[in-house]
Amino acid sequence: MIRHRLGLVVNPIAGMGGRLGLKGTDGEEVLRICRERGAIAEAPKKAVEALLRLAPLKSEIEIVTYPGEMGEIEAKDAGFNPTVIGKITPGETTSEDTRRAAKEIADYGVDILLFAGGDGTARDIYSAVKDRRQVVLGIPAGVKIHSGVFAINPRRAGELALLYLQGKVKDVREAEVMDIDEEAFRQGRVSAALYGYLLIPHERTFVQSKKAGQAASDMIDLEGISYYILDHMDKNQGALYIIGPGTTTRAIKQKIGDKYTLLGVDVCQNKKFIALDADESTLLQLLSGVQKAFIVVTIIGGQGYIFGRGNQQISPRVIRKVGLENIIVIATRNKVSALGYNPLLVDTGDEELDQALCGYVRVVTGYLEQRLMKVSI
């Protein structure tokens, strides 16, 4: 007996540029490069992962979605028999298809609208339903995920949707829809904007916060952290250092060389850069020629992610090649304090690896300062 109606929109190209270091998948030229280089679509499998969590209500849920790769395939792969509306040209979907799908599915009447994608997809959903009180929830599958409308990972998206449909989570709140200029992002400039708010189920431990910036008072911590890493390099001559993006890691990069990327993954050896803005393929190739390597990543301010947000180039294959014991997490004390009692998060797209990363990790917060923090999914 059908008791609930759930909408589903999948942006089938979301996240394709992540492991290639392309900072997103917006634009025909970037999409062409992704396909030429064999990029794998992340959104479809993440949508399925979320939908599988709805199994306890499977016989009571009608999923309303768009044809083919925009939801129909994913719903069927998760064991549902969806109601399919609308039309698409397979393999050639655009943001206009996303907006049209969201509007028509909302018009059809759904209790909650799940969508898989990134910030660009969230903008499209907002454009389609901003004038109505439609409850939505994002399944994180993009490269840049700054908005507060997303669950912390696909599994939690499905679990929260289930709790909402069961009536166990009744409150809804407005969450930010944010996006950045991808072209500026690729050039190392962050130009972010708030586009509006969407209603999402309110359960703090299931959804991410919007990204927060660096505080001006962090300069002393940044100096201490950077010198700690430089000393670490002196003690491990010949080792490869894969340094993730961000303003915290920038303090290290600035002491290594004049040329570096703020928003890319750079690689150094013996305190010299040997690769800038490296993609997954480049990282794996470099790792094949060394005996020891380290990954240096920072915490995304306000959210707590160390893997899976903006650094997808450091993929599960790269992490396993380096070894979990050789991951160095850095963050200023302000960034750590801003998280309160919330754990650090991982969302690599590999559930087995995410589980292995869970536990406790030492976070370098100064030259001789470290803090033990919990890692969760």
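When you read off a place in the sequence shown, starting at 1, and then add 1162, the result is the number in our numbering.
Glycine is no exception: its CB is placed at the ideal position from the N, C-alpha and C atoms.
Since we're looking at a predicted model, the values are computed, not measured.
For I1247 and Q1399, the rounded distance between their alpha carbons: Along the sequence shown, read from residue 1 onward, the residue named residue 1399 stands at position 237. Along the sequence shown, read from residue 1 onward, the residue named residue 1247 stands at position 85. Approximately 60 Å between the Cα atoms of the pair.
Reduced DSSP secondary structure (H/G/I, E/B, other) of A1263: Along the sequence shown, read from residue 1 onward, the residue named residue 1263 stands at position 101. Helix, per DSSP.
Reduced DSSP category for E1224 - H, G, I as helix; E, B as strand; rest coil: In the sequence shown, counting from the first residue as 1, residue 1224 sits at position 62. Three-state result, E1224: strand.
Same chain, Cβ closer than 8 Å to A1378, five either side skipped, listed in chain order: Against the sequence shown, residue 1378 aligns to sequence position 216. Caution applies to A1378, whose pLDDT of 47 falls short of 50 and renders its modelled position unreliable; the model cannot decide the point.
Helix, strand or coil at V1291 [DSSP, three-state]: Along the sequence shown, read from residue 1 onward, the residue named residue 1291 stands at position 129. It is helical.
Alpha-carbon spacing of H1394 relative to T1410, whole angstroms: On the sequence shown, residue 1394 is found 232 positions in, with the first residue counted as 1. On the sequence shown, residue 1410 is found 248 positions in, with the first residue counted as 1. One C-alpha to the other measures close to 17 Å.
Sub-8 Å separation of A1290 and K1265 beta-carbons: The residue you call residue 1290 lines up with position 128 of the sequence shown. The residue you call residue 1265 lines up with position 103 of the sequence shown. Yes; because the gap between Cβ atoms is below 8 Å, this pair is in contact.
8 Å Cβ cutoff met for L1448 and V1429: Taking the first residue of the sequence shown as 1, we reach residue 1448 at position 286. Taking the first residue of the sequence shown as 1, we reach residue 1429 at position 267. Yes, they are a contact pair.
Among V1334, D1341, I1164 and D1512, the one whose alpha carbon lies nearest that of R1479: On the sequence shown, position 317 is the one that residue 1479 refers to. Taking only the C-alpha atoms, the option nearest R1479 is D1512.
Three-way DSSP call (helix, strand, coil) for G1358 in this model: Numbered from its first residue, the sequence shown carries residue 1358 at position 196. In this structure, G1358 counts as strand in the three-state DSSP scheme.
Candidates R1471, Y1270 and L1299: closest to T1510 by CA position: Residue mapping note: residue 1510 aligns to position 348 of the sequence shown, counting from 1. Looking at the Cα atoms, R1471 is the closest of the given residues.
Nearest to R1495 (by Cα), restricted to the options D1383, L1506, L1515 and F1469: Walking along the sequence shown from the start, residue 1495 turns up at place 333. When only C-alpha atoms are compared, the closest one is D1383.
First and last residue of the uninterrupted alpha helix (DSSP H) at L1515: Reading the sequence shown from its first residue, position 353 is the one you call residue 1515. Where L1515 is concerned, the enclosing alpha helix (DSSP H) stretches over E1513 to L1519.
Residues bridged to M1535 [DSSP beta-bridge criterion]: Start at 1 with the first residue of the sequence shown, and residue 1535 comes out as number 373. DSSP output for M1535 lists V1523 as bridge partner(s).
DSSP three-state assignment for L1327, whether helix, strand or coil: Here residue 1327 refers to the residue found at position 165 when the sequence shown is read from its first residue. Reduced to three states, the DSSP call for L1327 is helix.
Reference D1439, options G1253, K1433 and G1426, closest by Cα: Position 277 of the sequence shown, counted from the first residue, corresponds to residue 1439. Here the closest residue by C-alpha is G1426.
Reference V1537; option with closest CA among Y1529, R1524, E1531 and G1528: Along the sequence shown, read from residue 1 onward, the residue named residue 1537 stands at position 375. Looking at the Cα atoms, R1524 is the closest of the given residues.
Proximity of V1498 and A1455 at Cβ, strictly below 8 Å: Mapped onto the sequence shown, residue 1498 falls at position 336. Mapped onto the sequence shown, residue 1455 falls at position 293. Taking 8 Å as the Cβ cut-off, V1498 and A1455 do not qualify as a contacting pair.
Best match in E1321, V1458 and Y1359 for proximity to H1308 [C-alpha to C-alpha]: Here residue 1308 refers to the residue found at position 146 when the sequence shown is read from its first residue. Of E1321, V1458 and Y1359, the residue nearest in Cα terms is Y1359.
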